[in-house]
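Structure, as structure tokens:
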Amino acid sequence: MEFLLYLVLGACAGVLAGLFGVGGGLIIVPVLVISFTAQGVDPSVLTHLAVGTSLATIVFTSINSVREHHRKGAVRWPLFIWLTLGIVGGTAIGAFTASTIQGPMLQKIIGVFAIIMAVQMALDYKPKASRDVPGKPGLTVAGVVIGWASAIFGIGGGSLTVPFLTWRSVPMQQAVATSSATGMPIALFGALSFLYLGWGHDDLPEWSLGYVYLPAMVGIALTSMFFARFGARLAHRLSPRVLKRLFALLLLGVGLNFLI
-7 MEFLLYLVLG
3 ACAGVLAGLF
13 GVGGGLIIVP
23 VLVISFTAQG
33 VDPSVLTHLA
43 VGTSLATIVF
53 TSINSVREHH
63 RKGAVRWPLF
73 IWLTLGIVGG
83 TAIGAFTAST
93 IQGPMLQKII
103 GVFAIIMAVQ
113 MALDYKPKAS
123 RDVPGKPGLT
133 VAGVVIGWAS
143 AIFGIGGGSL
153 TVPFLTWRSV
163 PMQQAVATSS
173 ATGMPIALFG
183 ALSFLYLGWG
193 HDDLPEWSLG
203 YVYLPAMVGI
213 ALTSMFFARF
223 GARLAHRLSP
233 RVLKRLFALL
243 LLGVGLNFLI
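For the sequence shown, counting from 1, position 108 maps to 100 in the numbering used here; every step adds exactly one.
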């Protein structure tokens, strides 16, 4: 039953990753927190395990999503390269930052972030394209900030990367596609950082590698890889306004639950 939950969660995360470029972490982390709580995982490692596992699954989610966006010629690879240079360091710093925060407080921080994202999606707020794409140093600094925050929240960075690229005059479809591509290094280096920081912790459940819970990672990855391609195709065919508002309502509930 537990593994079936992970399969369904992976399907939902995959569609969200392809459709919105958000990596699915905003859904994966809360559901894993609930699942791990039901399993009796120690509260001192529970939230960190959810964040690390979420990042690990996004590695797999990103693969098919990026392939589909690349096939449509929407990924801006030069932007990806310079953002990734900053992301590598930013995710390591973010994972270390998260490891110093106690689990209940980390949940509240994630809850506040979820509510902010819910409001942004419900209002369909997009920064106006008011500036040109920054140079290589500017992209690298942006990558550090995006990587740092993404590692703390256990997300692929799309909710940060897409608005940034849109603000910098990158067309929306290209912003989503490039965000999906940057989600891979965010997830990879973030997951490796959480694996290292949690290695050998006495309170982790069986089948954990550091702060990565392998059964959840495998179950989510199995379905997310397929459904990410489906979501990416939808992104090029449908107006996601209604879906965004439904997703915003879900995020609002998640955020309030974490805060209360």
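We put the beta carbon where it would ideally sit given N, CA and C, even for glycine. Values in this document were obtained by computation on a predicted structure and should not be read as measured data.
- The stretch 79 to 87 makes no contact with the stretch 18 to 34; the number of CB pairs closer than 8 Å stays below 3.
- In this structure, G2 lies away from S171, with their beta-carbon atoms at least 8 Å apart.
- Residue state for L201 is assigned as strand, using DSSP reduced to three classes.
- By the beta-carbon neighbour count (other beta carbons within 10 angstroms, threshold 16), Q99 is buried.
- Contact between I79 and P177 holds: CB atoms are separated by about 5 Å, below the 8 Å threshold.
- By alpha-carbon distance to E(-6), the top candidate from G247, L226 and L206 is L206.
- Only residues of its own chain outside the window of five on either side were considered, and among them P22 and G103 have a CB closer than 8 Å to the CB of N249, listed in chain order.
- With a threshold of 16 other beta carbon atoms within 10 Å, F219 meets it and is buried.
- P119 and L242 have their C-alpha atoms some 23 Å from each other.
- With fewer than 16 other CB atoms across the displayed protein chains lying within 10 angstroms of its CB, L115 is exposed.
- Rounded to the nearest angstrom, the Cβ distance from V25 to A173 is 28 Å, too far for a contact under 8 Å.
- Taking the Cβ atoms as the reference, M109 lies roughly 5 Å from S151, within the contact range of under 8 Å.
- Assigned with DSSP and collapsed to three states, P119 falls in coil, not helix or strand.
- Excluding its 5 nearest sequence neighbours in each direction, N56 has C-beta neighbours in its own chain below 6 Å: M217, A220 and R221, listed in chain order.
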